[in-house]
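**Student:** One structure is given below, represented as structure tokens, and several questions about it will come after.
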Amino acid sequence: MERDVTFYSDGLKIAGVLYEPDSAGDNSCPGIVMCQGMVGVKEYFWFPTIARRFVELGFVALIW
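Residue numbers for the sequence shown follow the working numbering, so the first one is 505 and each next one is one higher.
What follows is the structure in structure tokens.
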């Protein structure tokens with residue numbers, strides 16, 4: 505499952521996409537935060553493809 509999320513850090517609103525296994529439900533899953541570190545947008549550099557692969561392996565992934 506993919507969904508848009510927002511959160512605040514030091515008063516700055518941050519938008520991202522959260523990728524979760526369908527089986528996660530209320531269960532805990534290990535998580536990975538993915539940030540590219542260069543000027544651009546979160547959709548570049550194959551991040552969505554990589555995030556979906558992490559989900560297949562049982563991880564939650566956040567791209568921001």
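Just so it is clear, CB atoms sit at the ideal spot from N, CA and C, and this is done for glycine as well. Owing to the predicted nature of the structure, the values given are computational and were not obtained by experimental measurement.
(1) Count the other CB atoms, across all protein chains shown, that sit within 10 Å of the CB of F511; report buried if there are 16 or more and exposed otherwise.
(2) Using 10 angstroms around the beta-carbon of A555, count the other beta-carbons present and answer buried if the total reaches 16, otherwise exposed.
(3) With DSSP as the reference, label F558 as helix, strand or coil.
(4) With the cut-off set at 8 Å, would you say G535 and L566 are in Cβ contact?
(5) Considering only C-alpha positions, which residue in the set R507, W550 and G515 is nearest to P525?
**Tutor:** Taking the structure as given:
(1) The residue you call residue 511 lines up with position 7 of the sequence shown. It counts as exposed.
(2) Taking the first residue of the sequence shown as position 1, residue 555 is located at position 51. Label assigned to A555: buried.
(3) Looking up residue 558 in the sequence shown gives position 54. DSSP places F558 in helix when its eight states are reduced to three.
(4) By one-based count along the sequence shown, residue 535 stands at place 31. By one-based count along the sequence shown, residue 566 stands at place 62. It is a contact, given that the beta carbons lie within the stated cut-off.
(5) For the purposes of this step, residue 525 is taken as residue 21 along the sequence shown, with counting starting at 1. Closest in C-alpha terms to P525, from the list R507, W550 and G515, comes R507.
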